[in-house]
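> Quick note, in our numbering, the sequence shown goes up one by one and the last residue is 216.
Ideal placement from N, C-alpha and C gives every residue a C-beta, glycine not left out.
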Amino acid sequence: MVRSAYLVPGIMLMASAAALGQGPGGAAGPVGVAAGLQRGYAQLKGNLTQSAEKMPEADYGFKPTGEIRSFGQLWGHVASAQFGQCSQAKGVANPSQGVDLETKTSKAEFVKALADSFAFCDDAFSALTDASAAEMIQGGRGPATARAIALTGVLTHGSEMYGIGTVYLRLKGLVPPSTENQGRRGGGGGGGNGGGGRGRAQQ
Numbered sequence: 014m015v016r017s018a019y020l021v022p023g024i025m026l027m028a029s030a031a032a033l034g035q036g037p038g039g040a041a042g043p044v045g046v047a048a049g050l051q052r053g054y055a056q057l058k059g060n061l062t063q064s065a066e067k068m069p070e071a072d073y074g075f076k077p078t079g080e081i082r083s084f085g086q087l088w089g090h091v092a093s094a095q096f097g098q099c100s101q102a103k104g105v106a107n108p109s110q111g112v113d114l115e116t117k118t119s120k121a122e123f124v125k126a127l128a129d130s131f132a133f134c135d136d137a138f139s140a141l142t143d144a145s146a147a148e149m150i151q152g153g154r155g156p157a158t159a160r161a162i163a164l165t166g167v168l169t170h171g172s173e174m175y176g177i178g179t180v181y182l183r184l185k186g187l188v189p190p191s192t193e194n195q196g197r198r199g200g201g202g203g204g205g206n207g208g209g210g211r212g213r214a215q216q
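#1: Can you check which of these residues, 185, 194 and 196, is closest to residue 69 by C-alpha distance?
#2: Assuming residue 47 contacts residue 143 under a Cβ cut-off of 8 Å, what Cβ separation, rounded to an integer in Å, is found between them?
#3: Less than 8 Å separating the beta-carbons of residue 61 and residue 166?
#4: Check whether chain C comes within 8 Å of residue 191, counting only Cβ atoms and requiring the distance to be less than that.
#5: Out of 51, 43 and 44, which one is the CA nearest neighbour of residue 136?
#6: Taking buried to mean at least 16 other C-beta atoms within 10 Å of its own C-beta, is residue 213 buried or exposed?
#7: Does residue 174 come out as helix, strand or coil in the three-state DSSP assignment?
#8: Who are the Cβ neighbours of residue 109 in its own chain at under 7 Å, not counting the five residues just before and after it?
#9: Output needed for residue 76: all residues of its chain with C-beta closer than 6 Å, excluding positions within five of it in sequence on either side, in chain order.
#10: Could you spell out where the alpha helix (DSSP H) holding residue 75 opens and where it closes?
#11: Please classify residue 174: is it buried, with 16 or more other beta-carbons within 10 angstroms of its beta-carbon, or exposed?
#12: Could you check which residue in 57, 106 and 53 has the C-alpha nearest to that of residue 190?
#13: Taking the alpha-carbon of residue 112 as reference, which of 89, 73 and 164 has the nearest alpha-carbon?
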């Protein structure tokens, strides 16, 4: 109950942020929890997929320091987490249970693992309604929680990993997808290496 009390306001904030992020062209009217989570998921899926595709094969083993995951392992880790989180939300068995997706070795393998995890999660989000978001589900060793909490975990963990991945891209001279896409929407240069967009925090 304590966990739910802290996380539900966070869900509402994420839903509001997703709605605000639509800009003038977004749908008018109130946005519920389900719609907010769906929009956040679509944005996350785009950012992570584009990040994985953007890094060259030769740099998939790159680590900023020796103690952390390689670029490829980041996406294997995300894929594993998403299979677990979405299996809980869907109430089905985890199809990757017992498989270490971080041991993949090629870009194609990591990109496929990430894509497969998104394909598994897609209907968990697309079928969501405000009513089903509030339904209590059982998962793991803890108490039952609202389905929206499990799905919020997909967004929070994925966003954390995306933020980490932007550092790897920047160190290789590449512009992260969110910055590049924002630049395209705003008509700017995307915050590239020439200094565009400096003076504000960027991912």
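Answer, in terms of the structure:
#1: Here the closest residue by C-alpha is 185.
#2: Cβ-Cβ separation between residue 47 and residue 143: approximately 5 Å, consistent with a contact (criterion under 8 Å).
#3: The answer is no: Cβ separation not under 8 Å.
#4: Going by chain labels, chain C is absent from the structure shown, which holds only one protein chain.
#5: Comparing Cα positions, the closest option is 51.
#6: Because residue 213 sits at a pLDDT of 37, beneath the cut-off of 50, its placement in the model cannot be relied upon, and the following sentence gives the value as read from the coordinates. So residue 213 counts as exposed.
#7: If DSSP states are grouped into helix, strand and coil, residue 174 belongs with the helices.
#8: Leaving aside the five residues that flank residue 109 on each side, the residues in its chain whose CB is nearer than 7 Å to its CB run, in chain order, 93 and 96.
#9: Spatial neighbours of residue 76 in its own chain (CB-CB distance under 6 Å, excluding positions within 5 residues in sequence) are listed in chain order as 83.
#10: In the DSSP assignment, residue 75 falls outside any alpha helix (DSSP H) and carries neither an H nor an E.
#11: Residue 174 should be labelled buried.
#12: Per the C-alpha coordinates, the member of 57, 106 and 53 positioned closest to residue 190 is 57.
#13: Nearest Cα to residue 112 within the set 89, 73 and 164: 89.
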